[in-house]
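K.L.:
Numbering (my numbering), first residue to last: 6 to 163.
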Amino acid sequence: MKAKQGVVDLLNKILTEELTVINQYFLHAKMCKNWGYDRLFHHVQSRSYSEMKDAESIIDHILYLEGLPNMQRLGTVKVGETVPEQLKADLQKEKDMVKLLSDSIVHCTKVGDFTTRHMLEDMVTDEDEHIDWIETQLETIKQVGLENYLSEQIKKEE
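Put into structure tokens, the structure is as follows:
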């Protein structure tokens with residue numbers, strides 16, 4: 006199926022952001038594991054894997070639209086040197102992604118690509134859930150203190 010005007014370009018921008026955030030989450034997860042925060046490690050690593058699945062879907066969809074996925078671009082990976090810095094950097098990436106996805110949804114509606122629009126709407130829902138989780142972690146840190154929060158991250162969830 007031939008892509009509508011501008012859709013493949015937008016999908017490649019989304020792919021760039023997905024590839025960037027995969028790396029950011031993967032590094033943050035490994036840092037948490039190194040610090041002994043097993044619970045946080047597993048959650049962030051799982052999110053990295055989820056983003057890999059999103060990237061795979063984008064790649065498949067670009068190919069379906071007879072486009073060429075651009076795997077050569079990568080945005081800036083923002084590395085948090087502490088857990089709160091990681092959460093804030095990840096939150097910003099998620100908010101940026103929601104904006105990009107929302108703008109892309111508007112474009113897809115304008116050019117009549119409702120299949121791509123639906124796929125992107127599903128992705129926004131997933132990003133919103135992750136934003137909620139990060140905001141909850143930051144609020145928990147604010148309420149109970151960083152030390153209490155981190156002490157709960159040492160053991161893996163059952």
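Positions of the beta carbon are idealized from the N, C-alpha and C atoms, including for glycine.
Once the 5 residues before and after residue 118 are set aside, which same chain residues still bring their CB inside 6 Å of it?
P.N.:
So the list reads 9 and 12, once near-sequence residues are dropped.
K.L.:
Which residues in the same chain have their Cβ closer than 6 Å to the Cβ of residue 142, if we skip the five residues on either side of it in sequence?
P.N.:
These residues qualify, in order along the chain: 92.
K.L.:
Decide if residue 64 is buried, meaning its Cβ has at least 16 other Cβ atoms within 10 Å, or exposed.
P.N.:
Answer is buried; the Cβ neighbour count reaches 16.
K.L.:
Please report how far the alpha carbon of residue 55 lies from the alpha carbon of residue 67, in whole angstroms.
P.N.:
Cα-Cα distance, rounded: 19 Å.
K.L.:
Compute the Euclidean distance between the alpha carbons of residue 70 and residue 76, then round it to the nearest angstrom.
P.N.:
One C-alpha to the other measures close to 16 Å.
K.L.:
With three or more C-beta pairs closer than 8 Å as the rule, is the region 39-47 touching the region 118-128?
P.N.:
Touching, no, given that fewer than three Cβ pairs across the two stretches are closer than 8 Å.
K.L.:
Comparing alpha-carbon positions, which option in 62, 134, 95 and 109 lies nearest residue 81?
P.N.:
Nearest of 62, 134, 95 and 109 to residue 81, Cα basis: 95.
K.L.:
Counting only beta-carbon separations shorter than 8 Å, does residue 103 have a partner in chain C?
P.N.:
The structure shown has no chain C; it contains just one protein chain.
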